[in-house]
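Following full-length UniProt numbering, the numbering of the sequence shown begins with 1 at its first residue and continues without gaps.
Every residue, glycine too, gets a C-beta built ideally from N, C-alpha and C.
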Amino acid sequence: MESLTSGTMAGTGSFRCENCGYVVTLAATEKLGACPSCGENDYARASLFAAGRFQRRAASGLDEHDDLLRRARELRDPSIAAHVAFLDGEQLRVVPLTVETTRIGRTLTAEIRFDDPTVSRRHALLVQREDGLYVLDDRSLNGVFVDGERITSRRVDDGDELVVGRHRLLVLIGDGSGQAHAGADLSSPSTA
């Protein structure tokens with residue numbers, strides 16, 4: 001019988017990079033390599049329930065957020081009012097919200113599907129109403145966060161960041177007439 005010494009295998013779970021805060025989720029057989037965000041190898045176990053895990057990062061994190069938002073606005077369909085954008089590996093995906101209710105989760109029936117253990121089968125709903133776009137927590141285990149705040153239901157605005165499991169989604173809202181939302185800046189990110 002083989003005995004394993006503690007620390008020889010990372011095991012299943014989430015790990016947070018001590019340098020930049022990026023969270024990596026592993027299956028039992030995967031190895032913990034360099035951080036995809038900063039390249040460092042300094043990790044600590046990450047709790048799915050720690051509130052600080054979802055806080056927006058200062059400086060470089062905001063630059064990355066603004067850069068992704070700018071790129072997503074360039075890729076969106078201006079004839080559709082609302083979109084969400086997120087990184088799928090290295091690829092930026094921009095998903096138009098063309099139905100009244102869009103499901104986010106692990107289930108095969110979700111319009112936005114993440115095959116990830118940090119995402120519940122039925123995690124969140126995006127609901128388009130006459131007065132705006134709303135996100136609702138669909139009884140998820142790990143919660144839904146909007147700009148770092150855990151919510152059960154909230155109206156979201158252009159540029160807001162949703163966190164579902166370990167995934168960050170950006171909200172893009174225009175008027176659907178081919179023009180950007182009045183508050184949207186389609187040029188470069190702000191330097192404020």
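- Between the alpha carbons of residue 91 and residue 73 lies a gap of roughly 15 Å.
- Nearest Cα to residue 140 within the set 147, 131, 151: 151.
- In this structure, residue 84 places its C-beta atom within 9 Å of the C-beta atom of residue 172.
- For residue 153, the uninterrupted beta strand (DSSP E) run begins and ends at 153 to 156, by DSSP.
- Shortest Cα-Cα distance from residue 149 to any of 114, 161, 76 involves 161.
- Membership of residue 159 in any beta strand (DSSP E) is not indicated, and neither H nor E is assigned to it by DSSP.
- Annotation note: the UniProt domain "FHA" (102 to 151) contains the following uninterrupted beta strand (DSSP E) runs of length 3 or greater, listed N- to C-terminal: 124 to 129, 132 to 137, 144 to 146, 149 to 151.
- Residues 15 of the same chain have their beta carbon placed closer than 6 Å to that of residue 24, with the five preceding and five following residues left out of the count.
- One thing to note: residue 34 has its Cβ within 9 Å of the Cβ of residue 40.
- Note: residue 17 is bridge-paired with 43 in the DSSP secondary-structure output.
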